[in-house]
Amino acid sequence: MQTAADAGDAATLLAAVPAGRRVALVDPRFVGHVHALRLGLTDPRFPAATVPGALTAQPEARGALLRALHRTAAAVGAGAPVVEPDADPAPEDRTVPGRIAVALEAEGTAVQRPALGSLVAAVPTDPEQQAAAEAGLTSVDDEAVRLRNAVKAHDGFFTTYCISPYSRYIARWCARRNLTPNQVTTASLITALIAAGSAATGTRGGYVAAGILLLISFVLDCTDGQLARYSLRYSTMGAWLDATFDRAKEYAYYAGLAIGAVRGGDDVWALALGAMVLQACRHVVDFSFNEANHDAVANTSPTAALSDKLDNVGWTVWVRRMIVLPIGERWAMIAVLTALTTPRIVFYALLVGCSLAACYTTAGRLLRSLTRRASRTDRAAQALADLADSGPLAQAVAAVAPGLRGAFTAPAVALLGTLVMIGGALFLPYGSPLTVAAAAVYVVLSGLAVARPLKGALDWLVPPFFRAAEYVTILVLAARSDVPHAVPAAFGLVSAVAYHHYDTVYRIRGGTGAPPQWLVRTIGGHEGRTALVVVLAAVLTHTSGFTTALTALAVAVALVVLVESIRFWVSSSAPAVHDEGELA
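As numbered in our numbering, residues 4 to 587 make up the sequence shown, in order.
Okay, structure coming up:
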């Protein structure tokens with residue numbers, strides 16, 4: 004820490020700091036809570052951030068900071084105003100760090116201004132302000148605010164009232180022992196995998212242990228995010244782990260339950276795969292709708308207005324959050340039913356509960372889309388195209404047939420293709436050439452659906468329709484094959500493909516775009532994989548070769564997407580993003 008006499012001296016001192024380090028400016032008159040300074044000066048997610056009386060810049064913003072310092076020093080020295088003459092600067096913008104923050108923003112550098120709430124951060128200029136700031140320091144418990152802010156602002160009922168009241172203290176315990184959020188996330192994954200192994204024993208004792216361990220895993224899952232917020236330790240690796248491990252834990256647990264049921268004489272693999280397919284399709288509905296509308300303008304939906312009104316009525320908020328069966332409620336239900344009942348009942352409850360939740364959320368999104376007047380951006384259309392996961396076959400159709408859609412809308416074409424594909428897999432004779440013909444029709448309709456930019460009111464339905472077509476077709480063909488272990492192999496294949504789709508979502512959310520096109524082409528796109536599975540079912544009818552082919556395809560897809568995903572998330576271009584929402 005060094006003291007500068009003025010802005011010019013500060014520029015000289017900062018220029019001497021190694022280029023790869025973060026720097027901070029703090030007004031010597033600063034009065035405030037320590038956690039207010041933490042929020043303003045230590046969060047790694049933003050290139051520059053400020054609180055009243057303090058400013059920080061990451062290495063990528065150092066050049067802009069030095070230029071702003073030089074301009075500020077010249078302006079102050081010349082007696083010129085630092086802000087526009089007709090502006091009415093806030094008190095914090097009259098300090099040197101505040102002036103520099105304004106100058107940075109004027110140059111185009113984004114400056115994060117964290118919400119401090121009841122925390123004090125001020126630069127007093129007279130005894131009265133000094134006394135007020137010091138009174139605020141003593142009246143607000145810095146640590147209590149820090150603990151409270153470690154918990155998500157919007158969470159499920161079970162998480163809010165049954166987990167967070169004590170998990171925040173576990174997060175503080177971890178922080179004081181210098182444990183990282185990534186270590187806690189890994190511990191949560193390991194605990195869930197042990198829970199899956201316990202369920203796989205197929206014994207009542209194993210089921211009870213699995214339920215308890217699954218709840219412990221969820222406590223740790225809440226703790227890792229709270230630890231990240233408590234200690235402000237965000238990272239690109241943490242973003243990747245947090246984004247993928249929840250799905251890995253849940254689906255591994257489904258597999259454990261299915262293995263345990265088989266050991267007890269009850270084959271529920273089809274139910275396990277059905278639960279995973281339903282859950283993944285629910286998520287892509289949420290992802291697609293949000294990506295289509297997060298930057299839309301002119302939202303005048305009366306449905307959205309009604310939802311906002313209901314948010315002001317406390318009990319309706321909790322009821323609506325519980326209806327969607329978010330991860331806390333869902334895992335609690337799974338854990339309790341595992342300990343007390345059988346895997347078949349667990350999957351029945353999951354399928355019924357998630358189906359009702361899917362109907363509720365999808366109906367609300369449909370109403371909002373049909374009643375709003377909004378213009379969707381090119382970015383939203385590109386996000387939907389990326390989420391569609393169209394491979395070379397669909398892209399070839401789209402390239403030569405943009406005018407063949409006529410009066411058809413994208414979701415109508417996608418729905419028609421989905422019904423043709425799933426209907427063929429369900430009702431045509433197993434292994435029939437007609438099923439292969441249905442797959443060919445699906446490929447053509449998939450290309451037509453994405454032949455034009457997805458900017459229609461309901462175009463966000465296109466990716467969910469494609470996910471349903473691919474996942475359900477794999478499930479149905481594996482279940483109808485009557486080949487030993489075909490459904491577990493299909494479970495592995497859908498898991499690998501679903502990982503690719505979740506990875507796509509989190510890359511888009513981080514602002515870095517979808518996975519590279521070579522990856523999508525290599526793994527065939529949704530229509531290519533679907534057609535391949537249909538052909539394999541027709542060629543390898545009722546033989547063990549179908550199981551072998553599904554397993555080989557699952558391994559190939561998993562290797563390609565995992566290697567590319569790991570390469571991306573550990574690279575410098577990956578965003579340090581942590582999802583503050585809760586997936587249903």
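Here a beta-carbon is modelled for each residue, glycine too, at the ideal position from N, C-alpha and C.
As the structure is a computational prediction, the values presented were derived from the model and not from experiment.
> How far does the beta strand (DSSP E) with threonine 53 in it reach, from first residue to last?
Replying inline: Numbered from its first residue, the sequence shown carries residue 53 at position 50. Residues 51–54.
>> Using 8 Å as the threshold, is the C-beta distance between alanine 561 and alanine 499 below it?
In response: If you number the sequence shown from 1, residue 561 lands on position 558. If you number the sequence shown from 1, residue 499 lands on position 496. In contact: alanine 561 and alanine 499 (Cβ atoms closer than 8 Å).
> Considering only the beta carbon of each residue, do glycine 11 and valine 29 sit closer than 8 Å?
Replying inline: As a working note, residue 11 is residue 8 in the sequence shown. As a working note, residue 29 is residue 26 in the sequence shown. The answer is no: Cβ separation not under 8 Å.
>> Would alanine 428 and threonine 476 qualify as a contact pair, given that the criterion is a beta-carbon distance under 8 Å?
In response: Here the question's residue 428 lines up with position 425 in the sequence shown. Here the question's residue 476 lines up with position 473 in the sequence shown. It is a contact, given that the beta carbons lie within the stated cut-off.
> Considering threonine 59, what are the terminal residues of the beta strand (DSSP E) in which it resides?
Replying inline: Here the question's residue 59 lines up with position 56 in the sequence shown. 57–60 is the span of the beta strand (DSSP E), which, as asked, contains threonine 59.
> Grouping DSSP H, G and I as helix and E and B as strand, with all else coil, what is leucine 281?
Replying inline: Start at 1 with the first residue of the sequence shown, and residue 281 comes out as number 278. DSSP places leucine 281 in helix when its eight states are reduced to three.
>> Do valine 453 and glutamate 530 count as a contact pair if the criterion is CB distance below 8 Å?
In response: In the sequence shown, counting from the first residue as 1, residue 530 sits at position 527. In the sequence shown, counting from the first residue as 1, residue 453 sits at position 450. No, the Cβ-Cβ distance between glutamate 530 and valine 453 is not below 8 Å.
>> Using the three-state DSSP reduction, which class does valine 271 fall into: helix, strand or coil?
In response: By 1-based counting over the sequence shown, the position of residue 271 is 268. Residue state, collapsed to three classes: coil.
> How is leucine 28 classed by DSSP in three states: helix, strand or coil?
Replying inline: The residue labelled residue 28 in the question sits at position 25 within the sequence shown. Leucine 28 falls in the strand class under three-state DSSP.
> Between which two residues does the alpha helix (DSSP H) containing asparagine 152 stretch?
Replying inline: One-based indexing of the sequence shown puts residue 152 at position 149. Where asparagine 152 is concerned, the enclosing alpha helix (DSSP H) stretches over 145–152.
>> Are the CB atoms of glycine 394 and arginine 510 within a distance shorter than 8 Å?
In response: Here residue 510 corresponds to residue number 507 of the sequence shown, with the count starting at 1. Here residue 394 corresponds to residue number 391 of the sequence shown, with the count starting at 1. For arginine 510 and glycine 394, no; Cβs fall outside 8 Å.
> How close, in whole Å, do the beta carbons of leucine 122 and valine 148 come, if the pair is a contact with beta carbons under 8 Å?
Replying inline: Looking up residue 122 in the sequence shown gives position 119. Looking up residue 148 in the sequence shown gives position 145. Leucine 122 to valine 148, Cβ: 6 Å. Contact.
> Whose C-alpha, out of Pro432, Ala471, Ala258, is nearest the C-alpha of leucine 281?
Replying inline: Residue mapping note: residue 281 aligns to position 278 of the sequence shown, counting from 1. Of the listed residues, the one whose Cα sits closest to leucine 281 is Ala471.
> Rounded C-beta distance between glycine 23 and proline 62? I'm assuming under 8 Å.
Replying inline: For the purposes of this step, residue 23 is identified with residue 20 of the sequence shown, where counting begins at 1. For the purposes of this step, residue 62 is identified with residue 59 of the sequence shown, where counting begins at 1. That belief holds up - the Cβ atoms of glycine 23 and proline 62 are roughly 5 Å apart, short of 8 Å.
>> Using a Cβ-Cβ cutoff of less than 6 Å, which residues in the same chain neighbour phenylalanine 49 once the five nearest sequence positions on both sides are dropped?
In response: Counted from its first residue, the sequence shown places residue 49 at position 46. Correct list, in chain order: Gln115.
> glycine 495: which of Val287, Asp389, Tyr257 sits nearest, CA to CA?
Replying inline: Here residue 495 corresponds to residue number 492 of the sequence shown, with the count starting at 1. Among Val287, Asp389, Tyr257, the Cα nearest to that of glycine 495 is on Tyr257.
>> Using 8 Å for Cβ pairs, my map puts alanine 156 next to arginine 171. What's the rounded Cβ distance?
In response: Numbered from 1 along the sequence shown, position 153 holds the residue referred to as residue 156. Numbered from 1 along the sequence shown, position 168 holds the residue referred to as residue 171. About 13 Å separates the two Cβ atoms, so there is no contact after all.
> To the nearest angstrom, how far is it from the Cα of arginine 333 to the Cα of threonine 364?
Replying inline: By one-based count along the sequence shown, residue 333 stands at place 330. By one-based count along the sequence shown, residue 364 stands at place 361. Using only the alpha carbons, I get a separation of about 16 Å.
>> Here's the rule I'm using: 16 or more other beta-carbon atoms within 10 Å means buried, otherwise exposed. How should threonine 344 be labelled?
In response: For the purposes of this step, residue 344 is taken as the residue at position 341 of the sequence shown. Exposed, by the Cβ-count rule.
> In angstroms, rounded to a whole number, what distance separates the CA positions of alanine 136 and methionine 240?
Replying inline: One-based indexing of the sequence shown puts residue 136 at position 133. One-based indexing of the sequence shown puts residue 240 at position 237. C-alpha separation (whole angstroms): 39 Å.
> Which one of Ser378, Val327, Leu373 has the shortest CA to CA distance from isoleucine 355?
Replying inline: Here residue 355 is taken as the residue at index 352 of the sequence shown, counted from 1. Note that residue 355 is valine in the sequence shown here, rather than isoleucine. Among Ser378, Val327, Leu373, the Cα nearest to that of valine 355 is on Val327.
> For the candidate residues Gln398, Thr189, Arg180, Ala386, whose alpha-carbon lies nearest to that of aspartate 245?
Replying inline: Here residue 245 corresponds to residue number 242 of the sequence shown, with the count starting at 1. For the residues Gln398, Thr189, Arg180, Ala386, the minimum Cα distance to aspartate 245 belongs to Thr189.
>> Output needed for leucine 205: all residues of its chain with C-beta closer than 8 Å, excluding positions within five of it in sequence on either side, in chain order.
In response: If you number the sequence shown from 1, residue 205 lands on position 202. Residue identity differs from the one stated: residue 205 is glycine in this sequence, not leucine. Around glycine 205: Ile262, Gly263, Ala264, Val265, Arg266, Gly267.
>> Buried or exposed for tyrosine 164, going by 16 or more other Cβ atoms inside 10 Å?
In response: Mapped onto the sequence shown, residue 164 falls at position 161. By the 10 Å Cβ count, tyrosine 164 comes out exposed.
> Should serine 201 go down as buried or exposed, given a rule of 16 or more other Cβ atoms within 10 Å for buried?
Replying inline: If you number the sequence shown from 1, residue 201 lands on position 198. When all chains shown are included, serine 201 counts as buried.
> Apart from the five residues on each side of it in sequence, which residues of its chain come closer than 6 Å, Cβ to Cβ, to alanine 104?
Replying inline: Position 101 of the sequence shown, counted from the first residue, corresponds to residue 104. Only Thr53, Leu58, Val114 meet the Cβ criterion.
> Rounded to the nearest angstrom, how far is the Cβ of alanine 199 from that of glycine 259, given a contact under 8 Å?
Replying inline: Translated into positions along the sequence shown, residue 199 becomes position 196. Translated into positions along the sequence shown, residue 259 becomes position 256. Yes, they are in contact, since the Cβ atoms of alanine 199 and glycine 259 sit about 3 Å apart, within 8 Å.
>> Less than 8 Å between the beta carbons of valine 536 and leucine 480, yes or no?
In response: By 1-based counting over the sequence shown, the position of residue 536 is 533. By 1-based counting over the sequence shown, the position of residue 480 is 477. In this structure, leucine 480 lies closer than 8 Å to valine 536 by Cβ.
>> Is the beta carbon of leucine 223 closer than 8 Å to that of serine 191?
In response: Position 188 of the sequence shown holds residue 191. Position 220 of the sequence shown holds residue 223. Their beta carbons are under 8 Å apart, which means serine 191 touches leucine 223 by this criterion.
> Any idea if tyrosine 237 is buried or exposed, counting beta-carbon neighbours within 10 angstroms, 16 or more meaning buried?
Replying inline: Indexing the sequence shown from 1 puts residue 237 at position 234. Per the 10 Å Cβ criterion, buried.
>> With a threshold of 8 Å on Cβ separation, who are the neighbours of glycine 159 within its own chain once the five nearest residues in sequence on each side are excluded?
In response: The residue labelled residue 159 in the question sits at position 156 within the sequence shown. Same-chain partners within the cutoff: Arg324, Met325, Pro329, Ile330, Gly331, Glu332, Glu585.
>> Below 8 Å on the Cβ atoms is my contact criterion, and I expect alanine 460 with leucine 373 to pass it. Report the Cβ-Cβ distance as a whole number of Å.
In response: In the sequence shown, the residue the question calls residue 460 occupies position 457. In the sequence shown, the residue the question calls residue 373 occupies position 370. Their Cβ separation, rounded to whole angstroms, is 6 Å, which keeps alanine 460 and leucine 373 in contact under 8 Å.
> Bridge partners of valine 416, per DSSP?
Replying inline: Start at 1 with the first residue of the sequence shown, and residue 416 comes out as number 413. Partner(s): none; valine 416 has no beta bridge.
>> Mapping the DSSP letters down to three states, classify histidine 460 as helix, strand or coil.
In response: In the sequence shown, the residue the question calls residue 460 occupies position 457. Checking the sequence shown, residue 460 turns out to be alanine, not histidine. Alanine 460 falls in the coil class under three-state DSSP.
> Unbroken alpha helix (DSSP H) runs of length 4 or more, entirely within the region 336–396: which are they?
Replying inline: 346–374, 381–391
>> Am I right that alanine 397 and glycine 434 are in contact with their C-beta atoms under 8 Å? What's the rounded C-beta distance?
In response: Here the question's residue 397 lines up with position 394 in the sequence shown. Here the question's residue 434 lines up with position 431 in the sequence shown. Actually they do not touch by this definition, with Cβ atoms about 24 Å apart.
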